[in-house]
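Note that this note's numbering numbers the sequence shown so that position 72 is 77, with each residue one more than the last.
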Amino acid sequence: MRISEFVPLQRFLGCEFEEVDTPHGYRVVIVRQRDKIMEMDKQFGDLRDELNPKRRKRNTSLPLNALQWDDVVLGECAKLLDAKLKERYQSLAGCVGWIVGSIRSDARFEYHMVASMLSGPRMWDLFALVWVMDYLCDKADVPLI
6 MRISEFVPLQ
16 RFLGCEFEEV
26 DTPHGYRVVI
36 VRQRDKIMEM
46 DKQFGDLRDE
56 LNPKRRKRNT
66 SLPLNALQWD
76 DVVLGECAKL
86 LDAKLKERYQ
96 SLAGCVGWIV
106 GSIRSDARFE
116 YHMVASMLSG
126 PRMWDLFALV
136 WVMDYLCDKA
146 DVPLI
């Protein structure tokens, strides 16, 4: 077995690592997942164009009224997704799950809420999931320290 010289970690499982020396003499490791978030944005950006056409910034990871039962959601928002949109919902939820499971714990609860609807998502649930995606994309440069 051959062991190579130690090389500082720069990338692992889609995460980028950067070491920064602070003025106080501490070394801080900054962890980002920008590439994976941008890949998710590229793959599912068309959903954002449809559900957030004004490209509003998402400062919270879910709308305040995100948890809505069937008797509260009305109209177009109450419709169940067709098979194609349901598959996209599940794929987007998987991407969000990977990101929040590995580094972005600030949206972990929100992911749990939207993932609980994987078997029968409504249009409202897709809106909430796209909101989480928007939040992650808006905060892609915010690192874990």
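Glycine residues also receive a C-beta, built at the ideal position from the N, C-alpha and C atoms.
Keep in mind the model is a prediction, meaning the values are calculated, not measured.
A residue is called buried once 16 or more other Cβ atoms fall within 10 Å of its Cβ, and M45 is buried on that count.
At a Cβ-Cβ threshold of 8 angstroms, Y116 and R63 do not count as neighbours. Ranking S110, V119 and M122 by CA distance to the CA of R37 puts S110 first. Two segments are said to touch when three or more pairs of C-beta atoms, one from each, lie closer than 8 angstroms; by this definition the region 78 to 87 does not touch the region 8 to 18.
Exposure of V34 is indicated by the presence of fewer than 16 other C-beta atoms within 10 angstroms of its C-beta. Scanning L85, E21, L97 and R16 for the CA closest to the CA of D51 turns up L97. Taken through DSSP and simplified to helix, strand or coil, R93 comes out as helix.
Bounds of the beta strand (DSSP E) holding I35 are R32 to R37.
Taking a C-beta distance under 8 angstroms as the contact criterion, V147 and V101 do not qualify as a contact pair.
Taking every protein chain shown into account, the CB of L67 has 16 or more other CB atoms within 10 angstroms, so this residue is buried. The beta carbon of T65 sits closer than 8 angstroms to the beta carbons of Y140 from its chain, once the five residues preceding and following it are set aside; these are given in chain order. Residue environment: A88 is assigned as exposed (fewer than 16 neighbouring CB atoms within 10 Å of its CB, all protein chains considered).
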